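Protein chains in written order, with full-length UniProt numbering: chain A, 1 to 465; chain B, 1 to 465.
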C-alpha cells in the first residue's frame, strides 16, 4: 500500500513530491526539541489550493495520514512526521493575495511569514497584531493553527481575534470557506474560531482573511526594573493591572532566568541597564506603553514599579528601549546556549502569578531541577523552561512538568496558553477538559475527520482504524 | 404525553412551573415583531443551575422541545414559544457571582441585564464592552447566545471577544464547562466560541466568565454632520477609516430615516443641532472619540466630514454630545411610532457601504416600500427597516428583504451582522453558508443535540424525529 500511495502521489503531484532523505528527516522536528520516531512516506511541497486538495483526496481514498506543516517553528510537536504519513508542507503557498486598506483586511496564503506580512503592511500604516516571539520565522497558517499568542495579547488580543475567515481543505479534499470579510457576522456557528487553534486536526488551512489594525501612532516608552525577588516583581505587575493600566507589553523574568541572561549578555551589553549591578535572587519586569498617552502611562507604571521595590529605568528613546527589550529577547538564546530547552507554556489568572512562581520553585526543588521562567505577566502566561542534555526529555523533567501542569490547572489556569497541545501535552488534555468536554471534542474531530487521517496523534492519542 | 410531561415538570420543579395563559402568551413574542403560532406547554422560571439541569433531564427523557429564553429582546425570533415546548426562562438567574478586579473578569448568571452589570462595574473603574443598543433591557445570556454587537464594535469588539468561558447545560442535562479564567488558553477546540452565537441550539448557558476592560479614561468628544445625500455620508465614513482613525462610535442614518427622526423629535429638540435646517435627501453621520487622544482624533474626523461636504458640529461637553447621540437613539422610536417595524441586519465590508445604500434604494423602489436605514458605519453593519401595519410581515416586505440579503452576500457580506438567524432568517442560511458548511453545522447540532430538543426551528428548519 505505501508504495502504491507514493506512486499515485507522484503521478498526481509530480515534482512537488519529495522522498529525499534529508528533507524527510527535517520534518521529524519542530522547535520543541522533540524528535519523532520515524520519517514520513513523503513530503509534498504544495504550491496551490489544488495541490492541497489533490493530496487530501488521495489520502482520503487510501486512508493515508497527513501532517499539515508550515514553517516548523511549533513548540508542542504539532506538525511532526510519522510512519507512513504524507507531510503536507505549505511553505511555498506564501503569497499575500490582497490587502484592502478600506476594509482593513488582508487575504493571505498560509505560508506567509508573520514578519513578512507586517513588513508589507507597515508602509500602508497597517498592522497584523498577533506577534508570537517567533514572528520572524513562523508562518500565518501555523499562527492560526495554534491560536498563537505573544507579547502584546493583553492589550491587542490573540490570533483568534485577528482572523475574519478561512479557506480550509477538509479531510476528503472539499474546500470549506468560513467566516466573513466583515467585522461582524453571526450567520451560523463560528467555524472560523473552531478552526483557529485546531492544530491541523480538522482541516488544512489554505487561505486566511485577516483583520488588520491601524499602526499605533506615537513613540513607545519602555519601563524596566529589577526587584529583590520574583514575588515582588509579580506583585508589581499585579499593581499595574490593579491601577487599570493595560500596557502593550508586560514581561517578567525570574531570578534563575535573569542570572542566565546576565551571564549570556555580559557586562558590556548590560551597562546602563537595571541589570548592571544584579544581585542574586533579583527578578526583572519590563513594560512598554504605546499610543498617544504613552508618556503618562509609563510614568504611572514607573511609580507602581518603584512602590513595589523596583530599581526603575524609564526610556523614551527607541535605541535604549530596544536594549532593554533585548534582555527579554535573550532569555531563550541564553538557555539554549547550555543545552536542549523544553519550553513550557502554562497560564494562570493574573492574580495567581505569585502563587504559581512559588509553586514552580517548590516543584524545581522537589525534582532537583532548575526551572528558569519567563512570563507574559500582563496576561498570566508563564514559560517555565527545562534545560537538559541529550535527545530525550529526562523522566524527572516530565515529572516536574506534570506537577506544574496540575498546579496551573488547580489555580484556575491551563496547561497551554499559546503553544498548543500537539503530541507533547495530549496526555494531560482530558485532565484539564474533563470527560464531557473531551468526548464532545472527540466528536467534533470525528465529524470533520471521520477516518482519522488528519494529523493523527496530535491533541488526541491516535486511535486504530 | 404532554399532560405527563407537565405533571412530571411540576413534580420536579414545583412553583417554578407556570401555565398561566398570559405568561405563556408573552413568550410567543420578542422584539422582532414576529409572533409564534402557538403558546408553549409551560414556562419554567429557573432559579438555579439545578433547575435548568432538571428541566433538560426531563425534556431529554420525554423528547420534549425546550426553548431557552432570557429577557425576550431578540430581533430574529430566536427564543419564541412553540406547540408542546417548555420555555426555559432564565431571567431569575440574575446574580453577579463574582467580580475579580485583579483578573479583570466577572462571573455572572445569564439573566443579568447588560446595563445592570455595567452599573455594578462602573464604580470599580471596569466595564463589559459589548453594548447592544438594547443594553438596558437585554440579558447577558442572550447577548452571548446571539454574539450581540452594538455601536462600539469596530473599536472594542463583539461579545465573543469578551467571553472567557461558559457553563452550559447540555441537551441531556449534563453540565459542561468551557474556556478559562485566563486571557490566553489553547487547550483543545474553542467550544466557548462555538457556543457564542449558537442561539440556544447547542445548550443552555447558565454561567459566563466575562472579560472586563478598564473604563476608558477622559471625556468623549462627539462629531456630528449632515450630508447632501447618503452616499456622501458613506464616503465620509470611509474617509475616516482610510485615515486610519478608529472612533469608538460611527453611526449613519439615511435620508428616509433622518426625515422620520426629525419629524419625531420636533424643532425644539433639534435646535442647535445639524438637523435644525434639514433639507430633503440629507443624511446624518455621528462619530464619538474617547480616550486620552479624543480631542485630536475628533478634530481629524471633523475635517474628514467637512471635506466630504458635511455641515459639522463638534461637541466636547457631555450634554451636547448626549443631545446629538439622541438623534441616533431616536431612530427606532421614530419608526415604531408609525407601525410595526421589521429591523434587518445585513453587514458588508466597509468599502461596499455606498453600494449597499444604493442597492437598498433600488430595492425599495422595485418593491414599492420605503426602507429607512441606520448603519454602524464603522463596521459595515446596516439596519434597513421595514415599517408596516398589522401582525404579519407583508409578502412584498419579505420579497424586498430577500433581495437585500442576496445583495449583501453578493457584496461579500452577510445576512446578519449581530441579531442572529432565529426563525426569521433560517431560510437564507444555506444560501450564505454553502452546502458543505451547512452540512457541517448540522453535524455539530446533531452532536450536541442528537434528539433535536434544543430550540427546534431556530437556525435550521425543525426536522422530524
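Positions of the beta carbon are idealized from the N, C-alpha and C atoms, including for glycine. Remember, predicted model here, so these are calculated numbers, not experimental data.
Contacts with chain B (Cβ-Cβ distance below 9 Å) from the region 370 to 381 of chain A involve 376, 378, 379, 380 and 381, listed in chain order. Contact between residue 455(B) and residue 123(B) is absent: CB atoms are separated by about 37 Å, not below the 8 Å threshold.
Rounded to the nearest whole angstrom, the CA to CA distance from residue 446(B) to residue 415(A) is 30 Å.
In chain order, 76, 405, 415 and 416 place their CB closer than 8 Å to the CB of residue 425(B), counting only its own chain and leaving out the 5 sequence neighbours on each side. Just so you know, the alpha carbons of residue 422(B) and residue 429(B) end up roughly 10 Å apart. Looking at the backbone, the Cα of residue 4(A) and that of residue 12(A) are separated by about 12 Å. A straight-line Cα-Cα distance of about 49 Å links residue 346(B) and residue 401(A). Considering only 230(B), 197(B), 169(B) and 283(B), the residue with the shortest C-alpha distance to residue 142(B) is 197(B). Beta bridge pairing from DSSP links residue 381(B) with 347(B) and 376(B). The beta carbons of residue 268(A) and residue 206(A) sit about 48 Å from each other, so the pair does not count as a contact at 8 Å.
The C-beta distance from residue 88(A) to residue 34(A) rounds to 19 Å, too long to fall under 8 Å, and the pair is not in contact. Shown here, residue 409(A) sits in a helix according to DSSP, grouped into three states. Of the candidates 382(A), 358(A) and 356(A), 382(A) places its Cα closest to the Cα of residue 149(A). Sixteen is the threshold: when 16 or more other Cβ atoms of the shown chains lie within 10 Å of the Cβ of residue 134(B), as they do, the residue is buried. One alpha carbon belongs to residue 220(B), the other to residue 329(B), and they sit about 17 Å apart. Taking 8 Å as the cut-off, the beta carbon of residue 259(B) is found no closer than this to the beta carbon of residue 283(B).
Proximity to residue 235(B) across 17(B), 22(B), 352(B) and 245(B) peaks at 352(B), based on C-alpha coordinates.
Per DSSP, reduced to three states, the secondary structure at residue 241(A) is helical. Counted as a single uninterrupted DSSP element, the stretch harbouring residue 297(B) is not any beta strand (DSSP E) but the alpha helix (DSSP H) occupying residues 294 to 307. Nearest Cα to residue 448(A) within the set 280(B), 444(B), 194(B) and 137(B): 444(B). Against chain B, a Cβ distance below 7 Å from residue 184(A) picks out 149, 153, 158, 347, 379, 381, 417 and 418. Among the bridge pairs identified by DSSP, residue 177(B) is matched with 167(B). Residue burial is scored here from C-beta neighbours: residue 344(B) has at least 16 other C-beta atoms within 10 angstroms and is therefore classed as buried.
In the DSSP assignment, residue 113(A) forms a beta bridge with 139(A). Residues of the region 414 to 445 of chain A whose Cβ lies closer than 9 Å to any Cβ of chain B, in chain order: 414, 415, 416, 417, 418, 419, 420, 421, 425, 428, 429, 432, 433, 434, 436, 437, 438, 440, 441, 443, 444 and 445.
Within chain A, the residues whose beta carbon sits less than 8 Å from that of residue 447(B) are 440, 443, 444 and 447, listed in sequence order. Residue burial annotation: residue 117(A) is buried, with at least 16 other C-beta atoms found within 10 angstroms of its C-beta. Under the Cβ criterion (8 Å, minimum of three pairs), the region 14 to 28 of chain A counts as touching the region 38 to 58 of chain A.
Flagged as an interface residue toward chain B: residue 293(A), by a C-beta distance shorter than 8 Å. For residue 419(A), there is no enclosing alpha helix (DSSP H), since its DSSP letter is neither H nor E. Residue 372(A) holds the alpha-carbon nearest to the alpha-carbon of residue 336(A) among 350(A), 372(A) and 442(A). Residues of chain A with a Cβ closer than 8 Å to the Cβ of residue 84(B) do not exist, since the nearest Cβ in that chain sits about 26 Å away.
At a cut-off of 8 Å between beta-carbon atoms, residue 191(A) makes contact with chain B. Contact with chain B is found for residue 146(A), since one of that chain's Cβ atoms lies less than 8 Å from the residue's Cβ.
Within chain A, the residues placing a beta-carbon under 7 Å from that of residue 214(B) are 244 and 246, ordered along the chain.
Secondary structure of residue 328(A) (DSSP, three-state): helix.
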